[in-house]
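Enquirer: According to our numbering, the residues represented by the sequence shown are 55 to 561, in order.
Note that beta-carbon positions come from the ideal geometry of N, C-alpha and C, so glycine has one too.
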Amino acid sequence: MEDDTVSVNNVEKYAEAATVDDQEVERMGYVAELHRPFTLLSVLAIGYEICSAPTALVISFSVIVGSGGPAMFIWGQWIIYLMAACVAVSLSELASAYPNAGGQYYWAAMLAPKSYRKLASFVVGYLSWASAMFMLASICISMGFLATGMYAVRHPTATISPWNVFVVYQICNILGFALSCWQKFLPRISQFLFSTMIAAAAIIFVTVLARAPVKQPASFVFASYTNYSGWNDGIAFLTGLLGVNWGFSCLDAVTHMAEEIPEPRKNVPKALLGTVALNAILAWPMGIALMFCVQDLETVFAGATGIPAIDLLTQIFEGDTAGPIGVVAVIFLSTFGAVFGIQAWQARLCWSIARDDGMPFSKYLKRIAPAPYEIPFWAHLFSCSIVALLGCLYLGSSVAFNSFVGGGILMQYTAYSICIIFLLMKGRDKIPHGPFWLGKFGAVCNVVVLFWTVFTVVFYCFPPNYPVTLTTMNYVSVVLVGFVVIFIGYYIAFGRRAFTGPPEVEL
Numbered sequence: 055m056e057d058d059t060v061s062v063n064n065v066e067k068y069a070e071a072a073t074v075d076d077q078e079v080e081r082m083g084y085v086a087e088l089h090r091p092f093t094l095l096s097v098l099a100i101g102y103e104i105c106s107a108p109t110a111l112v113i114s115f116s117v118i119v120g121s122g123g124p125a126m127f128i129w130g131q132w133i134i135y136l137m138a139a140c141v142a143v144s145l146s147e148l149a150s151a152y153p154n155a156g157g158q159y160y161w162a163a164m165l166a167p168k169s170y171r172k173l174a175s176f177v178v179g180y181l182s183w184a185s186a187m188f189m190l191a192s193i194c195i196s197m198g199f200l201a202t203g204m205y206a207v208r209h210p211t212a213t214i215s216p217w218n219v220f221v222v223y224q225i226c227n228i229l230g231f232a233l234s235c236w237q238k239f240l241p242r243i244s245q246f247l248f249s250t251m252i253a254a255a256a257i258i259f260v261t262v263l264a265r266a267p268v269k270q271p272a273s274f275v276f277a278s279y280t281n282y283s284g285w286n287d288g289i290a291f292l293t294g295l296l297g298v299n300w301g302f303s304c305l306d307a308v309t310h311m312a313e314e315i316p317e318p319r320k321n322v323p324k325a326l327l328g329t330v331a332l333n334a335i336l337a338w339p340m341g342i343a344l345m346f347c348v349q350d351l352e353t354v355f356a357g358a359t360g361i362p363a364i365d366l367l368t369q370i371f372e373g374d375t376a377g378p379i380g381v382v383a384v385i386f387l388s389t390f391g392a393v394f395g396i397q398a399w400q401a402r403l404c405w406s407i408a409r410d411d412g413m414p415f416s417k418y419l420k421r422i423a424p425a426p427y428e429i430p431f432w433a434h435l436f437s438c439s440i441v442a443l444l445g446c447l448y449l450g451s452s453v454a455f456n457s458f459v460g461g462g463i464l465m466q467y468t469a470y471s472i473c474i475i476f477l478l479m480k481g482r483d484k485i486p487h488g489p490f491w492l493g494k495f496g497a498v499c500n501v502v503v504l505f506w507t508v509f510t511v512v513f514y515c516f517p518p519n520y521p522v523t524l525t526t527m528n529y530v531s532v533v534l535v536g537f538v539v540i541f542i543g544y545y546i547a548f549g550r551r552a553f554t555g556p557p558e559v560e561l
């Protein structure tokens, strides 16, 4: 009987919190259309699934080790932890002050000078939305490489064509779309994938340590430096650092769940900081384990599959094919969690912009589908369709496609930094503070993020290898500038007349 009373009290408390939160959405000038089925755990799960630093380290093994070696793999992570923590603090303060599904799209409007608020929110919104789609494309293509790599382990003489990778890419995108269509199931799916990904990290960690025939000495793991990039060691280290960063990008994703979780002013910051902490706790041991188990780096980079991470596993299992395939299958399943999480993220961003008439077809994209879906279904479909079209680019030019992927992270940091610049211009003490506010320490984190953005803009545009050829050139800067020109052109031609921007209200 006592348990029943506790259960009823919890339901009443949840309903009361949801009512207060919905009233806050209405004070922002919007109608509260979304239910709030998510908990802190399920939103943290989405954040972890998208970053998934332990498996991201494995997938980006060649980029990291090729430009810094074990020292980068182990110690470079700590630099990224610090940067990610500063990003998380900066986003958490704004999410606590302005808990809105638009995230940085909404914050830009609230923080920018009045004469620029409409343009600022449009630019930041499109940068954020595009970055989500480009990051989804990077995950789907990685899954294509993992799937074809598993086949290559068993069939080393087989020729893997781009269309093989393309088919897996599209299947993952479609399957992720289908699983993300029912709001009431999203928290359960996110928690299931979360537990699966934690288990996957543990399985990989234990398996490689148990099977490696030779363990490297600590001097190799913690103090050796390798450079296969062709750049001098300084530039190689800086470009390799960005490979580690892949597993700590996309941190803003949980901010876009603010209208689907009770008490977002408190819970979104907890999920953001928890995402960084959990990824750091799990990623560092993974990096150490992999470095202890490396057998021969030269052979790994000249392996049969063309995917160094898989060739490393083949070495560890001493040529046995079942072991590497099993571990890569675990990584593949784990990586699918990122597909699921990013699709939820990009749909909410698209919907947030559309409800202010900032999207083509906003009339449809701003609709919340009725039961049993209860999500921004058309925004979800629209975003996933664009990701499907991006996949077609891979068939034409893998170099161009890779540049789109690299541009995604730059767009994220640029969007964050625009909001931070407006915050500092306006004055940190002149905005309504939420429960999460760190005062002077928060200001330090803001400045660190701005410097980190400048760093990433410069070094993400560096070609990964030297000397540079047409096939190894990095076209990220071209993609970034080109995309900005396109959506600014759209804004001038059509958007400025239809786009209202977030409502002007005093909070």
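#1: Using 10 angstroms around the beta-carbon of residue 58, count the other beta-carbons present and answer buried if the total reaches 16, otherwise exposed.
#2: State buried or exposed for residue 78, treating a residue as buried only when at least 16 other CB atoms are found within 10 Å of its CB.
#3: In chain order, what residues of the same chain lie with their CB nearer than 6 Å to the CB of residue 391, ignoring the 5 residues before and after it?
#4: Excluding the 5 residues preceding and the 5 following residue 400 in the sequence, name in chain order all residues of the same chain whose CB lies nearer than 7 Å to its CB.
#5: Quick check on residue 121: does DSSP put it in helix, strand or coil?
#6: Where residue 105 and residue 471 are concerned, what is the direct C-alpha to C-alpha distance, given to the nearest angstrom?
#7: Report buried or exposed for residue 512, applying the criterion of at least 16 other Cβ atoms within 10 angstroms of its Cβ.
#8: From what residue to what residue does the alpha helix (DSSP H) around residue 397 run?
#9: To which residues of the same chain is residue 279 closer than 6 Å at the C-beta, ignoring the five residues directly before and after it?
#10: Our contact map puts residue 562 next to residue 291 with C-beta atoms below 8 Å; I'd like the distance itself, whole angstroms only.
#11: Could you pull the start and end residues of the alpha helix (DSSP H) that residue 434 belongs to?
#12: For the alpha helix (DSSP H) holding residue 103, just list the boundary residues, first then last.
#13: With respect to the alpha helix (DSSP H) encompassing residue 412, which residues constitute its N-terminal and C-terminal limits?
#14: State the DSSP-derived secondary structure class of residue 528, mapped to helix, strand or coil.
#15: For residue 261, collect the residues of the same chain with a Cβ closer than 7 Å to its Cβ; drop the 5 residues on either side in sequence, then sort them by chain order.
#16: Determine, using beta-carbon pairs with one atom in the region 419-426 and one in the region 370-386, whether at least three such pairs fall under 8 Å.
#17: Would you call the region 149-168 and the region 404-413 touching, i.e. three or more CB-CB distances under 8 Å?
#18: Is the distance from the Cβ of residue 276 to the Cβ of residue 339 below 9 Å?
#19: Is residue 165 a contact residue of the ligand ADP, with contact defined as CB to any heavy atom under 8 Å?
#20: Run the CB neighbour count on residue 112, radius 10 Å, all protein chains shown included, and call it buried at 16 or more, exposed below.
#21: Between the C-alpha atoms of residue 96 and residue 328, what's the straight-line distance to the nearest angstrom?
#22: Skipping 5 residues on each side, what residues in its chain have a beta carbon closer than 6 Å to that of residue 577?
Expert: With the given structure in hand:
#1: Locating residue 58 in the sequence shown gives position 4, where the first residue counts as 1. Residue confidence is low: residue 58 scores 47 on pLDDT, short of 50, so the model does not pin down where it sits. Its coordinate-derived value is still stated next. That one is exposed.
#2: The residue you call residue 78 lines up with position 24 of the sequence shown. Here residue 78 is buried, its C-beta having at least 16 other C-beta atoms within 10 Å.
#3: What you label residue 391 is simply residue 337 of the sequence shown in a count that begins at 1. Closer than 6 Å at the Cβ level, and outside the excluded window around residue 391, lie 103, 247 and 251.
#4: Your numbering for residue 400 matches position 346 in the sequence shown. 183, 186, 187, 190 and 437, listed in sequence order.
#5: As a first step, residue 121 must be located in the sequence shown, where it is residue number 67. Reduced to three states, the DSSP call for residue 121 is strand.
#6: For the purposes of this step, residue 105 is taken as residue 51 along the sequence shown, with counting starting at 1. For the purposes of this step, residue 471 is taken as residue 417 along the sequence shown, with counting starting at 1. Rounded to whole angstroms, the separation of the alpha carbons of residue 471 and residue 105 is 20 Å.
#7: Here residue 512 corresponds to residue number 458 of the sequence shown, with the count starting at 1. Under the 10 Å beta carbon count, residue 512 is surrounded by fewer than 16 other beta carbons and is classified as exposed.
#8: Within the sequence shown, residue 397 is the residue found at index 343, counting from 1. Taken as a continuous stretch (DSSP letters only), the alpha helix (DSSP H) holding residue 397 covers 376-408.
#9: Residue mapping note: residue 279 aligns to position 225 of the sequence shown, counting from 1. Cβ neighbours of residue 279 beyond the five flanking positions: 123 and 125.
#10: Because the chain is modelled from 55 through 561, residue 562 falls outside the range shown and cannot be assessed.
#11: Numbered from its first residue, the sequence shown carries residue 434 at position 380. Here the alpha helix (DSSP H) through residue 434 covers 431-450.
#12: On the sequence shown, position 49 is the one that residue 103 refers to. Its alpha helix (DSSP H) spans residues 94-105.
#13: Here residue 412 is taken as the residue at index 358 of the sequence shown, counted from 1. It is not in any alpha helix (DSSP H) - residue 412 carries neither H nor E in the DSSP assignment.
#14: The residue you call residue 528 lines up with position 474 of the sequence shown. Looking at residue 528 - three-state DSSP - the assignment turns out to be coil, as it is neither helix nor strand.
#15: As a first step, residue 261 is located in the sequence shown; it is residue number 207 there, counting from the start. Cβ within range, chain order: 381.
#16: Touching, no, given that fewer than three Cβ pairs across the two stretches are closer than 8 Å.
#17: Yes: the two stretches touch, three or more of their Cβ pairs being nearer than 8 Å.
#18: By 1-based counting over the sequence shown, the position of residue 276 is 222. By 1-based counting over the sequence shown, the position of residue 339 is 285. Not closer than 9 Å, so no.
#19: Summarising the ligand content, the structure contains no ligands, and the ligand ADP is consequently not present.
#20: For this step, residue 112 is matched to residue 58 along the sequence shown. So residue 112 counts as buried.
#21: The count along the sequence shown starts at 1 and reaches residue 96 at position 42. The count along the sequence shown starts at 1 and reaches residue 328 at position 274. Taking the straight line joining both Cα atoms gives about 12 Å.
#22: Any property of residue 577 remains undetermined from this structure, which presents the chain solely from 55 to 561.
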